[in-house]
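Novice: Chains as they are written, first to last, in my numbering: chain A, 1 to 270; chain B, 1001 to 1270. Backbone N, C-alpha and C fix where the C-beta goes; we use that ideal spot for every residue, glycine too. Since this is a predicted model, take the numbers as computed values, not measurements.
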């Protein structure tokens, strides 16, 4: 059952503005931690309370850690295929083994690089497996890696539902990671899971100012939000893995990662 | 000569938050219009004044229109090659002719689709040529198309310098367009020109919390801002083509589109 929603007045000066507020002083997350508790405390510490239609943007890392997606490389036995790709890439064969186990297809392999279709459907380097800012129970950082959450849409939904009940308002939750792009340098934040907000917004068929019908204006709204919020998380510090987004301009609705994944038969670039 | 910069106190409640404020009531832009004048008036109408380190994000369309990049299709004579691509794509051969004249290389051609390397270096559908929201002097919308600005970095610099002199503070100017992605559905805002802010921010070599050196963390900061600001422009309405970004988290510096363009020899996906 969804809770009763209480509509609150927006307190922002400019009605239509979007505010991206990183929660400062967010603690290091450990396996088993209750993210809803940590987020709630961080909101209080930042003098913030959630309002109707707020969206919480979470870095993948804290969700994965809370869900104990840590793997110690010393426990991984690389396959023949992993050894082969390790030879080509120069990467640790145990890491390659994990990348393959998290993937549906290998898209490109070069020295220093392995790009795959993740089992969640998106194309990513290293299957999103993270080797930085990861420490195991005894702090031997270099042996530990962090896989993406098992089902980020489900993680987002669970966190959202609990936050909605606690705060008695409708919310969205967006889980993001940094992705490279095919043709451009640098990474940008991108959706890996969401609940309560649209992945895509379809503006096709809406008349523009001159009544010329837009032919293909499908906006990846949650990816635009992911990129903007990522800007406020930085990359190196795990200190700001939660950003409160207030003023998202499209109506909230149920959404899913699947909206954003181009089906393979329409993919011209792999 | 750059003007003397006066550092102003930030007025945002949360020191580190990013605010994306669309300027409401922005007028329709006509060829020859002075964008600096229009932006200055719109700021006043929105009760805003520019502060040190503010960034103005401009939709490509208004820059292109002010620079009179309108072309009437009835003036275009398609080449043999354009006719051939028109046959494959089902698009107007005169439009194809313009796309080719704005491109360095054709990357993919299919029914309904032509993806090129634009002469500015990025990969884009239709060379960024816009057929919506475009009207000529007599309003016969469907004959008119809009090319991208000739040199968007230069356009951004010129607008920035004039705004800096008028407002006596250091600013950034970012010109954006909506781009499709190789593997994901929907468009997101992306940089096509900039001045006074970094395209890329290099975090490589910065220690993370566990002193594990980040290996490849090059953030496309201006693209993250472009995507976030695009969210607040919408797509169909030309009514909000300027967004004021306040609270960009990285130091402003000179920047250029070239930072963001992956060199062809490192491009695995064309």
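Could you compute how far the alpha carbon of residue 1186/B sits from the alpha carbon of residue 243/A?
Specialist: Your numbering for residue 1186/B matches position 186 in the second chain. Your numbering for residue 243/A matches position 243 in the first chain. Answer to the nearest angstrom: the Cα atoms are 23 Å apart.
Novice: Excluding sequence positions up to five away, which residues of its chain have a Cβ less than 7 Å from the Cβ of residue 201/A?
Specialist: The sequence position of residue 201/A within the first chain is 201, counting from 1. If we look at residue 201/A and ignore the five residues flanking it on each side, its Cβ neighbours are 219, 221 and 250.
Novice: Since residue 268/A meets chain E, which of its residues come closer than 9 Å, beta carbon to beta carbon?
Specialist: Checking the listed chains, one finds no chain E in this structure; the protein chains it contains are A and B.
Novice: Per the DSSP calculation, residue 130/A is bridged to which residue(s)?
Specialist: Sequence index remark: in the first chain, residue 130/A carries index 130 (1-based). Answer is 146/A, bridged to residue 130/A.
Novice: Just the Cα atoms here: how many angstroms apart are residue 191/A and residue 1077/B?
Specialist: Residue 191/A sits at position 191 when you count from the first residue of the first chain. Residue 1077/B sits at position 77 when you count from the first residue of the second chain. Answer to the nearest angstrom: the Cα atoms are 43 Å apart.
Novice: Using only CA atoms, which one of 81/A, 98/A and 34/A lies nearest to residue 319/A?
Specialist: The structure shown does not extend to residue 319/A, since chain A is modelled only from 1 to 270, so the question has no answer here.
Novice: Mapping DSSP to helix, strand and coil, what is residue 1093/B?
Specialist: By one-based count along the second chain, residue 1093/B stands at place 93. Looking at residue 1093/B - three-state DSSP - the assignment turns out to be helix.
Novice: Run through DSSP, which three-state label would residue 72/A get?
Specialist: Counting from one through the first chain, the residue named residue 72/A turns up at place 72. Of the three classes helix, strand and coil, the one that applies to residue 72/A here is strand, per DSSP.
Novice: CA-CA distance, residue 1258/B and residue 67/A?
Specialist: Translated into positions along the second chain, residue 1258/B becomes position 258. Translated into positions along the first chain, residue 67/A becomes position 67. Near 40 Å, if we compare the C-alpha coordinates of residue 67/A and residue 1258/B.
Novice: Does the beta carbon of residue 44/A come closer than 8 Å to any beta carbon on chain B?
Specialist: For the purposes of this step, residue 44/A is taken as the residue at position 44 of the first chain. Residue 44/A does not count as touching chain B.
Novice: Since residue 196/A is in the beta strand (DSSP E), which residue starts that stretch and which ends it?
Specialist: Numbered from its first residue, the first chain carries residue 196/A at position 196. Neither: residue 196/A is in no beta strand (DSSP E) and is coded neither H nor E.
Novice: Taking just the CA atoms, how far does residue 130/A sit from residue 162/A?
Specialist: For this step, residue 162/A is matched to residue 162 along the first chain. For this step, residue 130/A is matched to residue 130 along the first chain. Whole-angstrom Cα-Cα distance: 27 Å.
Novice: Out of curiosity, what's the CA-to-CA distance linking residue 177/A and residue 1083/B?
Specialist: Counting from 1 along the first chain, the entry for residue 177/A is found at position 177. Counting from 1 along the second chain, the entry for residue 1083/B is found at position 83. Their Cα atoms are separated by approximately 43 Å.
Novice: Any C-beta of chain B sitting closer than 8 Å to the C-beta of residue 19/A?
Specialist: Walking along the first chain from the start, residue 19/A turns up at place 19. For residue 19/A, the answer is yes, since a Cβ of chain B falls inside 8 Å of its Cβ.
Novice: Taking contact to mean at least 3 C-beta pairs separated by less than 8 Å, is the region 15-27 of chain A in contact with the region 1016-1028 of chain B?
Specialist: Yes: at least three Cβ pairs fall under 8 Å.
Novice: Would you list, in chain order, the members of the region 1166-1194 of chain B that have their beta-carbon closer than 8 Å to a beta-carbon of chain A?
Specialist: Listed in sequence order: 1178, 1181, 1182, 1183, 1184, 1185, 1186, 1187, 1188, 1189 and 1190.
Novice: With a threshold of 16 other CB atoms inside 10 Å of the CB of residue 1065/B, please say whether the residue is buried or exposed.
Specialist: Position 65 of the second chain, counted from the first residue, corresponds to residue 1065/B. Buried, by the Cβ-count rule.
Novice: Give me whichever residues DSSP pairs with residue 103/A in a beta bridge.
Specialist: Position 103 of the first chain, counting from 1, holds the residue named residue 103/A. Paired residues: 118/A.
Novice: Within the 8 Å Cβ cut-off, does residue 63/A reach chain B?
Specialist: Indexing the first chain from 1 puts residue 63/A at position 63. For residue 63/A, the answer is no, since every Cβ of chain B falls outside 8 Å of its Cβ.
Novice: For residue 1262/B and chain A, any beta-carbon pair shorter than 8 Å?
Specialist: By 1-based counting over the second chain, the position of residue 1262/B is 262. Cβ-Cβ to chain A under 8 Å: yes for residue 1262/B.
Novice: In its own chain, which residues sit with a C-beta less than 6 Å from the C-beta of residue 152/A, not counting the 5 before and 5 after it?
Specialist: Locating residue 152/A in the first chain gives position 152, where the first residue counts as 1. Result list for residue 152/A: 175, 192 and 193, in chain order.
Novice: At the level of alpha carbons, what is the spacing between residue 1054/B and residue 261/A?
Specialist: Along the second chain, one-based indexing puts residue 1054/B at 54. Along the first chain, one-based indexing puts residue 261/A at 261. Looking at the two C-alpha atoms, the distance is approximately 34 Å.
Novice: For the putative contact between residue 1096/B and residue 227/A, defined by C-beta atoms under 8 Å, what is the C-beta separation to the nearest angstrom?
Specialist: Working through the second chain from its first residue, we reach residue 1096/B at position 96. Working through the first chain from its first residue, we reach residue 227/A at position 227. Not a contact, Cβ separation roughly 31 Å.
Novice: So with CB distances below 9 Å, who are the chain A contacts of residue 1022/B?
Specialist: In the second chain, counting from the first residue as 1, residue 1022/B sits at position 22. In chain order: 14, 16, 17, 18 and 249.
Novice: Short of 7 Å Cβ to Cβ, which residues in the region 1219-1233 of chain B face chain A?
Specialist: Cβ contacts with chain A come from 1219, 1220, 1221, 1223, 1224, 1225, 1227, 1228, 1230, 1231 and 1232.
Novice: Output the distance between the C-alpha atoms of residue 203/A and residue 253/A, rounded to the nearest integer angstrom.
Specialist: In the first chain, counting from the first residue as 1, residue 203/A sits at position 203. In the first chain, counting from the first residue as 1, residue 253/A sits at position 253. Their Cα atoms are separated by approximately 15 Å.
Novice: Might you give, ordered along the chain, the residues of its own chain that have their beta carbon closer than 7 Å to the beta carbon of residue 46/A, omitting 5 neighbours on each side?
Specialist: Your numbering for residue 46/A matches position 46 in the first chain. For residue 46/A, where only same-chain residues beyond five positions count, the Cβ hits under 7 Å are 23 and 24.
Novice: From what residue to what residue does the alpha helix (DSSP H) around residue 1165/B run?
Specialist: The residue you call residue 1165/B lines up with position 165 of the second chain. Segment 1152-1167, the alpha helix (DSSP H) holding residue 1165/B.
Novice: Do you know how far the Cα of residue 1081/B is from the Cα of residue 1088/B?
Specialist: For this step, residue 1088/B is matched to residue 88 along the second chain. For this step, residue 1081/B is matched to residue 81 along the second chain. Taking the straight line joining both Cα atoms gives about 11 Å.
Novice: Please report the straight-line C-alpha distance between residue 234/A and residue 61/A, rounded to a whole angstrom.
Specialist: Here the question's residue 234/A lines up with position 234 in the first chain. Here the question's residue 61/A lines up with position 61 in the first chain. For residue 234/A and residue 61/A, the distance between alpha carbons rounds to 13 Å.
Novice: Going residue by residue through the region 12-74 of chain A, where are the continuous beta strand (DSSP E) segments of at least 3 residues, counting only ones entirely within it?
Specialist: List check, beta strand (DSSP E) in window: 18-22, 55-59 and 70-72.
Novice: Kindly give me the distance between the Cβ atoms of residue 1229/B and residue 269/A, rounded to whole angstroms, as I take these residues to be in contact under 8 Å.
Specialist: Locating residue 1229/B in the second chain gives position 229, where the first residue counts as 1. Locating residue 269/A in the first chain gives position 269, where the first residue counts as 1. Wrong, their Cβ atoms sit about 26 Å apart, outside the cutoff.
Novice: Sorted by chain position, which residues of the same chain lie with C-beta nearer than 8 Å to residue 1111/B's C-beta, five sequence neighbours on each side aside?
Specialist: Residue 1111/B sits at position 111 when you count from the first residue of the second chain. The residues are 1088, 1089 and 1090.
Novice: From the DSSP secondary-structure annotation, give me the bridge partner or partners of residue 1125/B.
Specialist: In the second chain, counting from the first residue as 1, residue 1125/B sits at position 125. Beta-bridge pairing links residue 1125/B to 1115/B.
Novice: Could you check whether residue 39/A and residue 28/A sit closer than 8 Å to each other, using their CB atoms as the reference points?
Specialist: Sequence index remark: in the first chain, residue 28/A carries index 28 (1-based). Sequence index remark: in the first chain, residue 39/A carries index 39 (1-based). Result no, Cβ atoms of residue 28/A and residue 39/A do not sit closer than 8 Å.
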